[in-house]
Amino acid sequence: MKHKKYLAGVAAAGVLGAVAIWLTGPSPSPPKDTIIASPRRTAQASVLRGGTLKIATDRTIHSWDPATASDPFMDNVRRLYLRTLMAHPQGRNVEGHGLVPDLASAPPAVSPDATAYTFTLREGVKFEDGTPVTAADVKHGIERSLSQGVPSGLVELLDPNGTLAQAREDGKTATLPSIEVPGPDTIIFRLAGPSAEFSQLLAAPATAPVPRGKSESGYGSRPVATGPYRFAEEASGRRLALVRNPHWNPGTDPARRALPDGVELTLGVSPGRFQELLDRDQGQDIVLITDPAQAGTLRGAAPLGSVSDLYDRTTTYVALTGSAPFDDLDCRRAVLLAAADPALRAAVQAATGGSTAPNLLPPGVEGADPSWDPYGLAGEGGKTADATAHLANCADGKGFSTSLAVRGDRPADLTTAEALKAALGRVGITVQIVPLADDAAWQAATGTAGDLRRNGYGLVMGRTHPDGSFARAILRPLVEDRALDERPDTQVGKTLDLARRQSSRVAGADLYKQVNQHLMLRARHLPLAFGRGALYVSPRVGNAFPHLAFGMPDLQGLGLSGRGD
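Letter by letter, the sequence shown follows residues 1322 to 1886 in our numbering.
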């Protein structure tokens, strides 16, 4: 079975894309101050139904199938038409970790060793054609996703040997003994080891039920709905229209209010249209841009003070490979200290639209500690003297030359690379930037340690992001990627596994914090920026509460609260 290439392949570029949303319909006038300016600020509440939620984004979505890779924005959209055993609660969720039973009638019964989870399904939940949802449909949906390695955390727990992915690669079908269905309303999961994250993983859209026997052909353009909306129209990943699902019963769904009567999503919108969307007959009610590189466009177009920040949990970083001189800790730390450069910080923020990253875990991720900044990367001053001191103990003490591989089709990455080159040059480290044309060229040039050595790459720029709020999805690739280091630290890998096995999420978060600190002190990765988008909410929109599970308001819960004139 082919091994995933993690360096920047795991990294979702422009993970969430640029989004504009507007909502229309009648209702009373709201208070004037309804903009979300911070994660804990209140937004205008609304319980009114009706209207159409219209979303425009510069992203292109190739598949709506839950068995394909996702991200927080896609999770938010898929929540409109899919249900899962567990779900994130609606309304205010400033922590992002809480769950409620969704398809399940109650939280799972867990075995004493925390390796067996038993769920009972709710009565009355149906697919859009009126067919009851059964435990076998849930098992089938999960196995379809696991065969494609989605989500990765579930693969480790339910199919650690890659049985389903191997069968798919061989053109065969397989089923997992780790998922048992003793009856139509009961499903039992037997895990490879205990995990505090398992219920959280079951809130991912990849675990949504899929009817057995449903043709795989075309499922990506029209998946079968269990949520409050069903597909009415889909046009080649460029437009999606959702209408109410007549077989969705709100009495069985504690996670969704589904106030709008319909949702229209237009994709592939160019950034130049954002101003048009803001000005368009005052019909727009929300503008949401989650592509950090385009967030400045919204901030410049929207009324002063009406835009707040959104963090999408992406991390732009530079990996320091195992080749000389980066087999020397002093050389690696010299790079990180040289990057504590005010000019570099300003350039990275301007290029990416993001915020300076003091370490590897972005806000909202378990174990994150924004105050921990061992190299002064987010500080006001620079660390030139400290960098020079480490450089004196590195190689011959006179500085060195290296090369930096970067995606040539990402303008923000190229700009960031130039700024990093300048910062390192100020302490005596000469950098040659090597732009790689596209993903195919990137994978061919950086996929293995041999590729890196053959091409002479000392530095490699990439991005990574977690599934939901999981630190493990960021840290695991950085810990285990043998393309970066053929002799990874086995002890930190054990700590990462121990974090997954904790029955307490608090204990797991503490271990993730320790891994983050270990990686930073080991200096194999230079974090540069956390992804940061922008959100404008008109006074006409209610329920635009921050929901950290998605890094934005919960789309299904938005309602109308008047024209705000």
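Even glycine gets a Cβ: it sits at the ideal position worked out from N, Cα and C.
At least 8 Å separates the beta-carbon of residue 1420 from that of residue 1506.
Inside the stretch 1518 to 1604, DSSP marks whole alpha helix (DSSP H) runs of 4 or more residues at positions 1519 to 1522, 1595 to 1600, from first to last along the chain. Out of 1712, 1687, 1696, 1729, the CA that lies nearest to the CA of residue 1647 is found in 1712.
When the Cα atoms are used, residue 1559 and residue 1747 turn out to be separated by approximately 46 Å. When DSSP assignments are scanned along the stretch 1430 to 1507, the uninterrupted stretches of alpha helix (DSSP H) that are 4 or more residues long and fall wholly within it turn out to be 1456 to 1467, 1473 to 1479, 1484 to 1490. The closest CA to that of residue 1703, considering only 1375, 1743, 1661, is found on 1661. Between residue 1796 and residue 1857, the gap from beta carbon to beta carbon reaches 8 Å or more. Counting only runs of 4+ residues, the alpha helix (DSSP H) found wholly inside the stretch 1637 to 1695 occupies 1650 to 1659, 1663 to 1673, in chain order.
For residue 1381, the secondary structure class from DSSP, reduced to helix, strand or coil, is coil. When Cβ pairs closer than 8 Å are counted between the two stretches, the stretch 1525 to 1537 is seen to touch the stretch 1391 to 1405, the count reaching three or more. The residue among 1658, 1700, 1620, 1792 with its C-alpha nearest the C-alpha of residue 1671 is 1620. Under a 10 Å Cβ-count criterion, residue 1679 is classified as buried, with 16 or more other Cβ atoms of the shown protein chains found around its own Cβ.
DSSP, reduced to helix, strand and coil, places residue 1815 within a helical segment of the structure shown. Taking the Cα positions, residue 1455 is about 30 Å away from residue 1868. By the neighbour-count definition (other C-beta atoms within 10 Å, threshold 16), residue 1846 is a buried residue. In the structure shown, residue 1866 falls within a coil segment according to DSSP collapsed to helix, strand and coil.
Within the stretch 1731 to 1757, the complete alpha helix (DSSP H) runs of at least 4 residues fall at 1732 to 1746. The residues 1729, 1730, in chain order, have a CB closer than 8 Å to that of residue 1758 in the same chain once the five nearest residues on each side in sequence are set aside. Between the stretch 1430 to 1440 and the stretch 1542 to 1556, the count of Cβ pairs shorter than 8 Å is below three; the stretches do not touch. Closest in alpha carbon position to residue 1659, among 1667, 1864, 1478, 1706, is 1706. Contact between the stretch 1560 to 1574 and the stretch 1473 to 1490 is absent: fewer than 3 CB-CB pairs across the two stretches fall below 8 Å.
Spanning the alpha carbons of residue 1830 and residue 1428 requires a straight line of approximately 21 Å.
For residue 1783, the secondary structure class from DSSP, reduced to helix, strand or coil, is strand.
Going by DSSP, residue 1770 is part of the alpha helix (DSSP H) stretching over 1770 to 1776. Assignment of residue 1399 by DSSP, reduced to helix, strand and coil, places it in the helix class. In this model, residue 1766 and residue 1471 are separated by some 25 Å (Cα to Cα).
Ranking 1836, 1569, 1423, 1512 by CA distance to the CA of residue 1451 puts 1569 first. About 31 Å separates the beta carbons of residue 1737 and residue 1876, which is beyond the 8 Å limit, so they are not a contact pair. If you look at residue 1725, you'll find it isn't in any alpha helix (DSSP H); it sits in the beta strand (DSSP E) that goes 1721 to 1728. Residue 1474 holds the alpha-carbon nearest to the alpha-carbon of residue 1524 among 1430, 1448, 1474, 1663. Residue range 1793 to 1801 is occupied by the alpha helix (DSSP H) that includes residue 1797. When the Cα atoms are used, residue 1793 and residue 1817 turn out to be separated by approximately 7 Å. Boundaries of the alpha helix (DSSP H) around residue 1765: 1760 to 1767. Rounded to the nearest whole angstrom, the CA to CA distance from residue 1716 to residue 1764 is 30 Å.
Annotated three-state conformation of residue 1424 is coil, per DSSP.
For residue 1861, the secondary structure class from DSSP, reduced to helix, strand or coil, is coil.
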